[in-house]
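Structure first, commentary second.
There are 8 protein chains.
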Amino acid sequence: MSNWNVYLSGEIHTDWRDQIVEGVKALNLPVTFSAPVTDHAASDDCGASILGGEDKKFWYDHKGAKLNAIRTRTLIEKADVVIVRFGDKYKQWNAAFDAGYASALGKSLVVMHDPSLTHPLKEVDAAALAVTETPAQVVDILQYVILGKL
Amino acid sequence: MSNWNVYLSGEIHTDWRDQIVEGVKALNLPVTFSAPVTDHAASDDCGASILGGEDKKFWYDHKGAKLNAIRTRTLIEKADVVIVRFGDKYKQWNAAFDAGYASALGKSLVVMHDPSLTHPLKEVDAAALAVTETPAQVVDILQYVILGKL
Amino acid sequence: MSNWNVYLSGEIHTDWRDQIVEGVKALNLPVTFSAPVTDHAASDDCGASILGGEDKKFWYDHKGAKLNAIRTRTLIEKADVVIVRFGDKYKQWNAAFDAGYASALGKSLVVMHDPSLTHPLKEVDAAALAVTETPAQVVDILQYVILGKL
Amino acid sequence: MSNWNVYLSGEIHTDWRDQIVEGVKALNLPVTFSAPVTDHAASDDCGASILGGEDKKFWYDHKGAKLNAIRTRTLIEKADVVIVRFGDKYKQWNAAFDAGYASALGKSLVVMHDPSLTHPLKEVDAAALAVTETPAQVVDILQYVILGKL
Amino acid sequence: MSNWNVYLSGEIHTDWRDQIVEGVKALNLPVTFSAPVTDHAASDDCGASILGGEDKKFWYDHKGAKLNAIRTRTLIEKADVVIVRFGDKYKQWNAAFDAGYASALGKSLVVMHDPSLTHPLKEVDAAALAVTETPAQVVDILQYVILGKL
Amino acid sequence: MSNWNVYLSGEIHTDWRDQIVEGVKALNLPVTFSAPVTDHAASDDCGASILGGEDKKFWYDHKGAKLNAIRTRTLIEKADVVIVRFGDKYKQWNAAFDAGYASALGKSLVVMHDPSLTHPLKEVDAAALAVTETPAQVVDILQYVILGKL
Amino acid sequence: MSNWNVYLSGEIHTDWRDQIVEGVKALNLPVTFSAPVTDHAASDDCGASILGGEDKKFWYDHKGAKLNAIRTRTLIEKADVVIVRFGDKYKQWNAAFDAGYASALGKSLVVMHDPSLTHPLKEVDAAALAVTETPAQVVDILQYVILGKL
Amino acid sequence: MSNWNVYLSGEIHTDWRDQIVEGVKALNLPVTFSAPVTDHAASDDCGASILGGEDKKFWYDHKGAKLNAIRTRTLIEKADVVIVRFGDKYKQWNAAFDAGYASALGKSLVVMHDPSLTHPLKEVDAAALAVTETPAQVVDILQYVILGKL
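Going down the list, the sequences are from chains R, A, E, Z, L, G, D and S.
The first sequence maps to residues 1 to 150 in the numbering used here.
The second sequence maps to residues 151 to 300 in the numbering used here.
The third sequence maps to residues 301 to 450 in the numbering used here.
The fourth sequence maps to residues 451 to 600 in the numbering used here.
The fifth sequence maps to residues 601 to 750 in the numbering used here.
The sixth sequence maps to residues 751 to 900 in the numbering used here.
The seventh sequence maps to residues 901 to 1050 in the numbering used here.
The eighth sequence maps to residues 1051 to 1200 in the numbering used here.
Laid out in structure tokens, this is it:
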């Protein structure tokens, strides 16, 4: 049974990633997880911190976003399955960008969001192989696609 | 001088597409424009209208979003340059999805948005070859990259 | 408005292709249609007829199927949209093969079949951007994705 | 001697997969096998079971078929050789879909079926590098292509 | 009916290319033919003639072969169908190289040779969608795959 | 005879492009030429001019270089043959970058430079199908690969 | 230091493969070698032996050549470097086919042959990154490209 | 946590590679480094040394550059991140070539150079996800993208 690479993109303010990782661990599934940097401050400041500050906010953000892209693109390209969760706050355009990026690369896309977001996320959901609401459903999906068990 | 295919993705509530098309026409540039369906009602209802209604909102939206995907994916894949505009309202996750999709396909990405959106759009901007604020700038860019004139 | 290439795969015993072609013509849509050879006898005999007969049925069929593959693969690869219709008779494995082939190439797949076939076709439908029942629906889809009109 | 990934697609009502796996094990060949979920009930019900029930049969099947696609596409893409067996019952359009999908990805395709199916499978056979009738032949092929021994 | 690009590779000492071109012209098929430079002397001397002579035969040949590669690779990549003819003289390794090159690019390969060459050409034939003996057969194939007529 | 797309990259201070274009025109060859913006000032200032000035030289240059990339990448991707000329002044890293970019895309690469630059350009030359010294040689190559005439 | 996959294609009547393997072993280089089946009889008869005999020589050869293709294509696709040796006897079109196949896939191609074959092999040599005469040179190349030592 | 492949291209006269390797080792990051042959003499002479001398400097260099290409292209293709450093001496066109090559393959590109080189390197920098000045910054970037720590 070969290993599965699963990338966990999107919302960073709740513990959904931990829940998935714990659930998968409990089932002993052969999954390697990866994710963007989820430390919000580090993610915002990495560019200026490493490469030097900027007066203009645009370039401050630009340098950071590009460093993060080294991580996110590399890991998405290595992933078999990309899970993208949308929360109820913030613009989360990076999550939708990742979903589009993964979709164009032919990755299996799984989306997680509250049903209240169905309408604005319909294009993203249309590209997905599963639309979930909870981490437990993602764990069930991984168990099913890897072990064939319900 | 060969023809350029330019896809205009994103916000559908202002006349930014018309301004770009008019500006490019005035300059007589060899550009073929394409875009998603910008009639909001048609875009929402197309699935149920053609393929039959659905009780559940999720499937109603799903059928429509997939029909729209036939158009958007085909045209993005044929595009040389993909322009994505973000407005100040709505979630616009489909715009960010298109940006990610175009980026993974190696298309030249140009983003248009108000500077107030710089922070939440930093990952999208980081993937772009130009970040603009107005349709006039997009026209200037097309003139420059096609004719070499400022 | 650029041209769309649409490949019509599958069932060859009813006039569904003609209905779609006529419908699209009436709407004056910029579509170029292509299809497999729909003359059943020619399709079966082409290999032996051109390249010489065979005693074994397997090789007789094999030579013909490969000649047909020159046509079908070339035209599917040039298509933007691949329509695959399943009828109520015969094995039609070539139709399902074409659907899988088109899907792996990232083509927009539209399937047409009677609702009674939903269960055995669920994997094919899952790969499609639209599941239709009639030629009229396909015409409506082409009108919508090309002109944006319902 | 590197490892070979072999995907076993198609018919799920006889023990042909077990026969191949046993035969290869007896020869100690470096092969990792993978396959779709072969528990028919689980395969049919997985979508509704994990993601929630549906009133309409179409969506019930649709959700399940998409979950299965996460598994099948991922494993076919990782495979070096894809074996597809067609039995004498059922429509088996998913098997033909897999064959087309594998073929477009450039995988080495091996088909297994009774000679009585030669005519309706001629397009699938034409895309294959071997057409077999028994699991023992598949084992012999794997031994030959991996060890060079007859 | 769209245009077909057909590349005619291989043997340059008989008039097989002319026969195919004439036959296709008589049928008024929408085919654009291309081929390597068939003037043997020009093909051998082009490198030294344009880029300067060489004392060593190896470099003399090398410069010429690379210039020819600009033509052959460009045209093979644009081709839908690649016809490769093997004659009864010379090594003709460039013909077999072209066949391998076209095959890896997924082109439809048609081989033409005398039955006496079946054994040494078996690997090339195994990659082809048709193995022919005469230009007339190639014309028949093009008529069939383009018009569907026998 | 199909059209050839030829991209002329590199040195912008002599009239080598004009010489090639004139030579090809005199021979009536079916070639469409493209090139980067060769107006040095426009090329340097385009970013700030269209998108707004920058205090830091790095970002001033960065914005311009990215606009130029929209043109250069699009045109190189459409090219069949990429000619790159290196002159005797300046760093010309963009020329070498274009050569590497074109090479990774599998384009036919032709390099033009004085023999005095052979050693530092050896890696670039090693990726080329022809190494020339004069525009006349490039014209001869295009005549040869398109018409087969010396 | 990562592992290198090296495929040894071509002539099967001398011990050149053993010499390379021994030489590389003596240097303790991290290389995994692969090759076609070099047992001539097995290679010729494998198809009929496993899949059943054929009256016609063409199909007898065809079945065998396709089984061999499972091995050769899989291993060439996994290779980093493809070495192809041409001897002084036989047609060896399969060797040239492999060279073309490897070249189109972008593999690093190394050719080995006697200088007397320079002229008929010029197109193959033109696609190679090294043209050698002896197994010792191939060993030296592998040592150099892996360890950087002469 | 999966392994990262990092290729270190460019300037070979200072110890920047060692500094990066040491820094990464001290942090215990899961990185496998690769690089071109940095022994200048070996790199220049490898072709003639292994394959035989040449009277003409062009071919002497050519043979060496092609051997080096076996190493550099193979390792760049396996890399997740390509670091390219430009020093203050020499033409360094091979470094810019590598940057273009890596960029076209979609690798994450990180450039290192003194700010005094900003203008001539603007096209290379425009393709990079980070522009650095010191080995320490590269180490910080690798730590951040792999561990998420600043």
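C-beta: ideal position from N, C-alpha, C; glycine also.
Cβ-based burial, residue i [other Cβ within 10 Å; buried from 16]
i: asparagine 603 of chain L; result: exposed
i: alanine 886 of chain G; result: exposed
i: histidine 113 of chain R; result: buried
i: glutamate 772 of chain G; result: exposed
i: alanine 926 of chain D; result: exposed
i: valine 641 of chain L; result: Checking the sequence, you will find alanine at residue 641 of chain L rather than valine. Exposed, because fewer than 16 other Cβ atoms sit within 10 Å of the Cβ of alanine 641 of chain L.
Distance CB(residue i)-CB(residue j) smaller than 9 Å
i: valine 397 of chain E; j: valine 531 of chain Z; result: Valine is not the amino acid found at residue 397 of chain E; the sequence shown has phenylalanine there. Their beta carbons are not under 9 Å apart, which means phenylalanine 397 of chain E does not touch valine 531 of chain Z by this criterion.
i: aspartate 740 of chain L; j: leucine 750 of chain L; result: yes
i: lysine 241 of chain A; j: leucine 109 of chain R; result: no
i: isoleucine 683 of chain L; j: valine 738 of chain L; result: yes
i: arginine 1053 of chain D; j: leucine 908 of chain D; result: Examination of residue 1053 of chain D is not possible in this model, given that chain D is present from 901 through 1050 alone.
i: lysine 78 of chain R; j: alanine 215 of chain A; result: no
i: valine 624 of chain L; j: leucine 351 of chain E; result: no
i: alanine 852 of chain G; j: tryptophan 1143 of chain S; result: no
Short CB-CB distance (under 9 Å) between residue i and chain A
i: threonine 338 of chain E; result: no
Residues that residue i contacts on chain G, provided the C-beta gap is smaller than 9 Å
i: serine 152 of chain A; result: Asn755, Thr782, Ser784, Leu825 and Lys828
C-alpha distance - residue i paired with residue j, whole-angstrom precision
i: isoleucine 746 of chain L; j: tryptophan 166 of chain A; result: 44 Å
i: lysine 707 of chain L; j: leucine 1079 of chain S; result: 44 Å
i: valine 456 of chain Z; j: glycine 1000 of chain D; result: 26 Å
i: lysine 356 of chain E; j: proline 715 of chain L; result: 19 Å
i: alanine 757 of chain L; j: alanine 1119 of chain S; result: Outside the shown range of chain L (601 to 750) lies residue 757 of chain L, about which nothing can therefore be said.
i: histidine 62 of chain R; j: glycine 47 of chain R; result: 8 Å
i: proline 336 of chain E; j: threonine 974 of chain D; result: 30 Å
i: tryptophan 509 of chain Z; j: isoleucine 12 of chain R; result: 31 Å
i: threonine 632 of chain L; j: aspartate 639 of chain L; result: 20 Å
i: arginine 821 of chain G; j: threonine 372 of chain E; result: 36 Å
i: proline 420 of chain E; j: tyrosine 144 of chain R; result: 21 Å
i: lysine 89 of chain R; j: threonine 1184 of chain S; result: 39 Å
i: aspartate 345 of chain E; j: glycine 610 of chain L; result: 29 Å
i: glycine 203 of chain A; j: leucine 67 of chain R; result: 46 Å
Amino acids of chain R, ordered along the chain, whose beta-carbon sits closer than 8 Å to that of residue i
i: leucine 271 of chain A; result: Lys91 and Trp93
i: isoleucine 1070 of chain S; result: In chain order: nothing, as chain R lies at least about 14 Å away.
Chain L contact residues for residue i, given Cβ-Cβ distances below 8 Å
i: histidine 962 of chain D; result: Lys722, Asp725 and Ala726
Contacts that residue i makes with chain R (C-beta to C-beta distance below 7 Å)
i: alanine 519 of chain Z; result: Leu129
Closer than 9 Å to chain Z by CB, residue i
i: alanine 996 of chain D; result: no
Under 9 Å from the C-beta of residue i: neighbouring residues of chain A
i: valine 381 of chain E; result: Ile220 and Thr224
Chain D contact for residue i (CB, 9 Å cutoff)
i: leucine 479 of chain Z; result: no
i: serine 558 of chain Z; result: yes
Amino acids of chain G, ordered along the chain, whose beta-carbon sits closer than 8 Å to that of residue i
i: tyrosine 1151 of chain S; result: Gly850, Tyr851, Ser853 and Ala854
Residue-chain proximity (residue i, chain S), Cβ-Cβ < 9 Å
i: lysine 656 of chain L; result: yes
i: aspartate 45 of chain R; result: yes
Beta-carbon neighbours of residue i, restricted to chain L and to distances below 7 Å
i: lysine 366 of chain E; result: Leu729 and Ala730
Where residue i meets chain S, residues with beta-carbon distance less than 8 Å
i: threonine 868 of chain G; result: Lys1107, Phe1108 and Asp1111
Chain E within 9 Å of residue i, Cβ atoms only
i: aspartate 165 of chain A; result: no
i: valine 745 of chain L; result: yes
Cross-chain neighbours of residue i in chain L, by beta carbon under 9 Å
i: leucine 308 of chain E; result: Ordered by position in chain L, no residue passes the 9 Å Cβ test against leucine 308 of chain E, which lies about 13 Å from the chain.
Under 9 Å by beta carbon: chain R residues contacting residue i
i: serine 499 of chain Z; result: Asp140, Tyr144 and Leu150
Interface partners of residue i on chain Z, CB under 8 Å
i: alanine 942 of chain D; result: Tyr594, Gly598, Lys599 and Leu600
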